[in-house]
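There are 2 protein chains.
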Amino acid sequence: MSTSSNWTIIDNQLPVSDNEALESIFTVGNGYLGVRGSYEDDEISNQATTHGVFINGFYETAPIMYGEQAYGYPYERQSMISLPDATHIELLLDGLRVDRNNGTVSQNVRTLSLKTGLMTHSFTWEENLSKDKIRVSYTRLVSHTRKHILAMQVTVKPLNFKRAILTIKSTLDTNSLTVHHSNDPRVSDINPAVMLNHTTTLESQNAQLMGMAFPTQGSKLTTLIGVLHNIDGVIDQSTCTWQKQLLIDEKPITFEKYACYFDTREPHKNTVLTAVETELTQCQSDGFDQLKTEQTNYLTQFWRTSNLHIANDYNSNLQLESRFDLFQLLQSVGKDGRRGISAKGLSSTGYDGHYFWDTEIYIMPFFTMTQPKIARALLINRYHQLSKSIQHAKHLGYAGALFPWRTINGQESSAYFPASTAAVHINADIMFAVQQYFYFTNDHQFMHQYGLKMLVETSRFYLSYGNWDPDKGFVLNTVTGPDEYTALVNNNAYTNLMVKNQLEFLTTSFTLEQVTSLGVTSDEWHQFKLAAADMFIDQTGDLIGQDDSFLNKPKIELTKLKKRQFPLLLHFHPLYLYQHQVLKQADLILAIALMPYRFSKKQQQTNYDYYEPLTTHDSSLSRCAYAIAGSKLTDQKQFSKMLQLSFETDIEDSQHNTADGLHTASMGGTWLAILLGLVHIRATETKLILEPILPPQWDAYVVPITYHGSQLKLSVSKRGAIVTLLSGDPVVVELNGKQVTF
Amino acid sequence: MSTSSNWTIIDNQLPVSDNEALESIFTVGNGYLGVRGSYEDDEISNQATTHGVFINGFYETAPIMYGEQAYGYPYERQSMISLPDATHIELLLDGLRVDRNNGTVSQNVRTLSLKTGLMTHSFTWEENLSKDKIRVSYTRLVSHTRKHILAMQVTVKPLNFKRAILTIKSTLDTNSLTVHHSNDPRVSDINPAVMLNHTTTLESQNAQLMGMAFPTQGSKLTTLIGVLHNIDGVIDQSTCTWQKQLLIDEKPITFEKYACYFDTREPHKNTVLTAVETELTQCQSDGFDQLKTEQTNYLTQFWRTSNLHIANDYNSNLQLESRFDLFQLLQSVGKDGRRGISAKGLSSTGYDGHYFWDTEIYIMPFFTMTQPKIARALLINRYHQLSKSIQHAKHLGYAGALFPWRTINGQESSAYFPASTAAVHINADIMFAVQQYFYFTNDHQFMHQYGLKMLVETSRFYLSYGNWDPDKGFVLNTVTGPDEYTALVNNNAYTNLMVKNQLEFLTTSFTLEQVTSLGVTSDEWHQFKLAAADMFIDQTGDLIGQDDSFLNKPKIELTKLKKRQFPLLLHFHPLYLYQHQVLKQADLILAIALMPYRFSKKQQQTNYDYYEPLTTHDSSLSRCAYAIAGSKLTDQKQFSKMLQLSFETDIEDSQHNTADGLHTASMGGTWLAILLGLVHIRATETKLILEPILPPQWDAYVVPITYHGSQLKLSVSKRGAIVTLLSGDPVVVELNGKQVTF
């Protein structure tokens with residue numbers, strides 16, 4: 010079904026011409042460590058570059074400066090920071106640096122294999138005077154099986170000469186630790202370069218091991234970075250440079266470089282330095298090929314339960330793009346219960362490397378339905394934020410817990426509360442993910458140990474935040490919904506629906522007895538039920554207002570705006586946006602996408618038709634929600650178009666900011682679009698519900714699903730839909746209304 | 010009617026024990042220049058001190074740092090800054106500094122005369138060893154007739170010795186140019202000390218003249234400060250120190266010091282230095298007594314048309330306090346059409362020395378009704394902000410003009426738009442003042458030259474900001490009213506009422522023909538009328554919601570809070586405040602206070618009773634509005650109590666922040682409370698309407714009023730109310746419903 014090109018991203022075949030966007034796309038990582046796909050030596054081209062090596066959750070803090078301070082504002086910014094870069098390698102041939110000044114570079118190719126997890130970079134270089142020609146090939150991986158390890162293999166192949174001296178300078182580079190300054194609020198501006206003043210040299214017993222300890226000042230974290238090669242060289246510890254001269258004759262020369270990034274919060278038996286030494290020595294003795302094999306095995310296993318097959322799609326890139334998205338999600342996601350998945354994965358410091366609600370709503374479904382262990386780890390990471398979230402709510406004046414809008418360490422780190430802390434739907438979003446996880450996995454142990462406590466505390470928050478309005482019922486005033494072009498409104502429909510859903514989940518899937526140990530009284534339990542039942546949702550007509558006053562605001566004629574005026578947030582004052590019926594992203598439509606069973610078909614259509622023309626999709630999270638909500642409606646072409654646009658976010662750089670990092674939520678959202686928009690998947694505690702459709706332009710598709718621990722495969726073609734049990738116990742599946750036990 | 014003590018503020022008789030609060034209270038100024046009432050030599054006491062010399066509108070800029078930046082946010086903070094202090098004088102007796110270390114200070118008294126405008130400071134000092142005793146008296150004034158001049162007279166009187174050497178060190182002091190750092194958003198934090206690196210010495214032909222040019226870096230303004238004494242001394246230009254040794258026998262020694270503060274935007278014929286030289290030489294030759302005489306004459310004239318007499322009031326301080334308020338308003342207000350009146354007058358850099366809406370709503374009525382020339386100058390200062398306000402509106406996406414919420418130079422300088430730019434009532438507030446000014450003065454020339462253009466442009470803004478709601482009429486969504494414990498709400502009642510009033514003023518007091526030259530078409534004119542008529546005011550019951558959703562929010566039990574939890578803004582997150590029915594200050598009640606004729610008696614009572622218990626009065630602007638609105642209602646005691654509390658704001662330091670400067674708006678508001686709450690004054694184009702009442706505890710009061718250029722006096726006693734025409738043409742007065750031409 011797939012061709013080899015559907016498993017490999019190749020530079021130059023991509024329409025993106027911006028090297029910094031390519032560096033994001035060619036990122037390799039393992040959820041703990043990520044390395045941007047920059048060249049090993051920038052001097053082979055004159056393209057703009059932004060190097061970056063990141064540890065998920067390794068951050069620095071800085072005071073938040075407010076134009077106007079107020080009580081309770083977060084005082085500290087957290088920013089994931091760029092670390093010294095071990096990919097840097099310079100080559101010299103007969104003393105001349107292999108760069109664009111001393112020679113001509115040709116056949117310069119970058120590839121990223123989604124099957125092997127390897128990124129390669131190779132080029133041919135012809136020296137200007139002697140015309141000596143070599144082919145240089147770099148291969149790198151960030152190991153999925155050895156989380157701290159970045160490994161590289163370099164081959165230099167002589168093409169037209171008999172004998173020369175090859176000099177290799179390999180460093181742990183710190184020159185790249187500078188930062189772009191930008192007025193774009195989505196771009197980070199903490200400067201890691203200042204931290205270099207505080208680094209210390211590693212003092213290893215192994216004289217060939219070089220490296221440094223890289224400590225942050227505000228957050229008091231340290232990463233040890235060690236580098237070891239598979240051949241001995243001359244080391245300058247002070248500059249972290251390893252150098253080697255070799256005679257190169259007609260045979261290629263190959264060498265390997267291993268770097269270990271180990272932050273001090275990682276568990277270790279002896280000293281951290283010992284841990285680094287041990288891991289590097291093991292790599293050296295196992296060799297690069299062993300690491301390659303491990304990587305391929307890991308990914309084979311991954312694809313077995315996660316691969317999405319699309320046959321004969323209308324867009325030849327769709328198969329590749331969908332795999333790329335899932336591959337990058339795997340590379341970005343923390344798997345140890347102490348890390349989440351940041352808005353830009355491990356490809357950039359954009360959005361400060363923070364974890365948002367995107368995780369639970371857009372990204373987690375993929376893991377919940379195909380890699381439930383990873384989904385569990387993500388929820389446990391949230392659980393570890395719970396005590397800070399309880400403090401946060403208390404500090405704001407409310408009971409229960411309010412999860413942070415954006416964070417790394419669990420502290421709220423937003424500097425503008427109307428578009429962050431006021432977005433109290435974050436709680437219900439996380440609980441929606443808990444509910445999905447529970448229904449798909451039947452993991453009672455998780456609920457007992459982690460889930461119920463989160464569910465009760467976040468429900469308490471809503472009871473305390475909302476109030477009973479004599480005319481409307483239970484209302485949630487002064488909130489901000491997903492659409493950030495509106496803020497501090499009353500009864501955002503998405504929020505109210507999601508909170509209603511959460512309270513119903515709590516009070517119908519569990520009993521009071523199960524939560525009495527969490528301090529829930531029968532009175533409180535009754536309040537939870539009452540709030541769920543009385544939750545205000547304006548359903549006077551089929552058209553549902555995004556909030557109490559949204560529908561009475563004037564509209565902006567979006568079609569009259571110029572292309573350069575988008576995204577609106579960079580060209581219009583928030584006040585103007587707040588005053589108008591204009592959406593940054595799906596809001597009510599997202600509720601329809603997530604919970605279509607709560608809306609009549611007519612409501613779905615009416616609201617889709619109403620909101621779609623008002624939506625700018627200035628957020629990359631928007632299109633997939635429309636794709637899902639629209640999938641069953643009249644306009645099928647719209648779905649295909651949106652799905653395609655959604656898939657292309659990074660590969661086509663459609664938001665013009667892939668240079669600032671990948672859009673992990675959009676990646677998850679695209680997968681979600683297929684599962685919710687085509688498969689119409691839904692789980693309850695007792696069965697898996699599927700109502701798959703096939704877009705007219707597609708021949709077939711195959712989706713893997715994990716339900717209650719069993720591996721299923723759904724194949725949809727023009728002949729119909731078939732579910733196959735691949736492994737595990739039989740489960741109940743309702744396929745197109747027909748209930749079958751597989 | 011008055012006793013001498015009713016004209017003089019005396020330190021130690023005041024309950025305030027905080028020296029920094031006293032320094033605010035003892036400020037002397039003339040609307041251009043202001044000097045805090047600090048001691049000439051701090052070493053005579055160990056009290057905390059904050060020196061301050063200010064020029065109204067002399068400011069520095071600094072970039073506004075945002076935690077999260079967005080399009081259209083103001084980029085520059087403006088801050089009125091402290092200037093080098095010419096009041097500093099050190100005395101030495103036989104080489105020993107006259108301070109608390111070398112001797113004992115007793116009978117230390119500060120006075121401020123509201124009749125003469127002089128501040129005095131005198132004390133007795135007995136040297137520890139010799140027991141030599143002197144009485145030192147400083148007198149200072151900031152001239153109302155010579156706007157750049159600060160003058161001082163010093164007398165040293167020997168009390169018990171025959172002969173000693175008196176050394177005088179007189180400086181232009183820069184040591185005091187440091188700044189408090191505070192988390193309180195109301196306190197400024199631009200540091201003028203850094204500007205000292207850029208000062209240059211004045212190079213005068215007059216060797217006895219010392220001083221410096223003090224330039225700002227961001228705003229590119231310069232103030233020249235020159236100092237001249239009436240006797241020659243030894244000058245050190247580099248440190249701006251003048252020194253003199255004198256033999257002191259049994260007779261007192263007196264000397265004078267003159268300082269000229271002249272900023273480069275002031276008009277001048279030759280060079281600024283020449284202007285400074287000329288003014289100082291003139292002072293030197295005229296002498297301090299001449300300046301004193303001028304000052305007394307000026308103030309006599311002021312009190313003639315502005316004095317408020319209160320006879321046998323229930324609070325013996327009321328007469329003095331009311332005079333103090335009016336005196337400080339005169340000292341604070343810009344009179345040249347290029348300066349306004351800042352929130353803290355010229356007593357502090359609090360609120361950055363910015364001009365707010367307080368000017369027009371709280372302060373201007375006093376000037377409009379008693380000193381219309383000053384009122385005119387204040388409105389012309391606003392007119393000079395109009396072109397920037399048009400740009401501001403355009404930048405936000407709206408037509409017409411939006412005046413800045415806080416500013417010195419006309420640029421919006423707020424860093425938190427939900428509580429500033431969104432407070433679009435600022436336009437209507439200014440137009441309310443224009444309307445009042447026009448009705449009280451009949452100044453058609455002003456309207457023609459300035460007023461109408463402001464009126465049209467601000468009305469245009471509202472047409473563009475608001476929209477027609479099919480159910481409600483003309484609505485103004487996403488606004489913030491005066492009460493800042495609520496933000497970004499729909500149809501704030503105060504705002505809508507004030508805008509309605511403005512549009513009615515425009516379309517009923519003027520004709521389309523008068524504004525066609527301003528580009529108003531008959532269609533636009535019609536829209537103005539329509540918007541006024543259709544303006545949404547929820548009057549379904551007598552209780553009017555502060556905004557569309559206010560009444561449905563939960564309440565905070567204010568009585569259960571601890572005293573230290575006020576003001577709430579320093580102890581609660583804005584989100585929590587926004588979510589509740591709690592007021593920082595009068596909002597709808599202010600509308601009732603300003604336009605009682607728009608409400609039935611029942612509405613007034615209902616709303617007063619409803620909102621009063623919800624109001625924290627955390628803003629010093631709050632009480633007077635309640636005092637006014639409550640004055641005709643059942644609870645007369647409440648009025649008296651509020652009036653008293655309002656009067657005591659600074660004298661009793663009831664907000665605990667008089668140290669950070671005087672509350673000019675509260676001062677204006679107290680006067681307003683009497684005029685609107687007792688006199689029930691109102692002007693139309695053709696008559697002055699008075700419905701005075703006498704509080705039961707008062708014997709009588711007399712209020713001066715200027716109407717259409719004529720001086721009137723209203724005397725109210727237990728026998729009734731009498732209006733007397735003091736000067737000018739006869740005018741029509743409707744006194745208690747009876748129309749009389751005086």
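Respectively, the protein sequence lines represent chains A and B.
The first sequence lines up with residues 10 to 751 when you count with this note's numbering.
The second sequence lines up with residues 10 to 751 when you count with this note's numbering.
The beta carbon of each residue, even a glycine, is placed where N, CA and C say it ideally should be.
On the criterion of 16 or more Cβ atoms from any shown chain inside 10 Å, does residue i qualify as buried, or is it exposed?
| i | result |
| --- | --- |
| A/Asn-306 | exposed |
| B/Ala-216 | exposed |
| A/Ile-731 | exposed |
| B/Pro-276 | exposed |
| A/Asn-15 | buried |
| B/Gln-748 | exposed |
| B/Asp-245 | exposed |
| B/His-97 | buried |
According to DSSP, simplified to helix, strand and coil, what is residue i?
| i | result |
| --- | --- |
| A/Ala-636 | helix |
| B/Ala-540 | helix |
| B/Ile-598 | helix |
| B/Glu-522 | helix |
| A/Asn-28 | helix |
Excluding the five sequence neighbours on either side, which residues of its own chain have a C-beta within less than 7 Å of the C-beta of residue i, listed in chain order?
| i | result |
| --- | --- |
| B/Leu-461 | Phe-519, Gln-523, Val-524 and Leu-527 |
| A/Tyr-474 | Tyr-407, Val-433 and Leu-485 |
| B/Thr-615 | Asp-551 and Leu-552 |
| B/Ser-13 | Confidence at B/Ser-13 is low in this model, with a pLDDT of 47, below 50, so the placement of that residue should be treated as unreliable; the coordinate-derived value is given next. So no residue of the chain qualifies. |
| A/Pro-24 | Caution applies to A/Pro-24, whose pLDDT of 49 falls short of 50 and renders its modelled position unreliable; the model cannot decide the point. |
Following the continuous alpha helix (DSSP H) through residue i, name the residue where it begins and the one where it ends.
| i | result |
| --- | --- |
| A/Lys-509 | 502 to 518 |
| A/His-318 | Here A/His-318 belongs to no alpha helix (DSSP H); instead the beta strand (DSSP E) covers 318 to 320. |
| A/Cys-292 | 281 to 295 |
| A/Lys-397 | 395 to 405 |
| A/Asn-436 | 434 to 450 |
Name the chain B residues that come within less than 7 Å of residue i, Cβ to Cβ?
| i | result |
| --- | --- |
| A/Pro-427 | Pro-427 |
Leaving out five residues on either side along the sequence, give the residues of the same chain with a beta carbon under 6 Å from the beta carbon of residue i.
| i | result |
| --- | --- |
| B/Trp-366 | Ile-435 and Asp-438 |
| B/Lys-481 | Phe-545 |
| A/Ile-698 | Arg-691 and Glu-743 |
| B/Pro-576 | Asp-627 |
| A/Leu-127 | Thr-148 and Leu-150 |
| B/Ser-11 | Because the pLDDT at B/Ser-11 is just 32, under 50, the model does not fix this residue reliably, and the value given afterwards should be weighed accordingly. None. |
| B/Thr-733 | Lys-722 |
Is it the case that the CB of residue i approaches a heavy atom of the ligand FMN more closely than 8 Å?
| i | result |
| --- | --- |
| A/Leu-497 | Absence of the ligand FMN is noted for the structure shown, with no ligands found whatsoever. |
For residue i, go through chain A and note every residue whose CB falls closer than 9 Å to its CB, in chain order.
| i | result |
| --- | --- |
| B/Thr-430 | His-582 and Leu-584 |
| B/Asp-557 | Asn-499, Asp-557 and Ser-558 |
Taking residue i as the query, report the chain B residues whose CB atoms sit under 8 Å from its CB, ordered along the chain.
| i | result |
| --- | --- |
| A/Met-74 | Met-74, Tyr-75 and Gly-76 |
| A/Pro-563 | Asn-476 |
Which residues of chain A have a Cβ atom closer than 8 Å to the Cβ of residue i, listed in chain order?
| i | result |
| --- | --- |
| B/Val-484 | Asn-561 |
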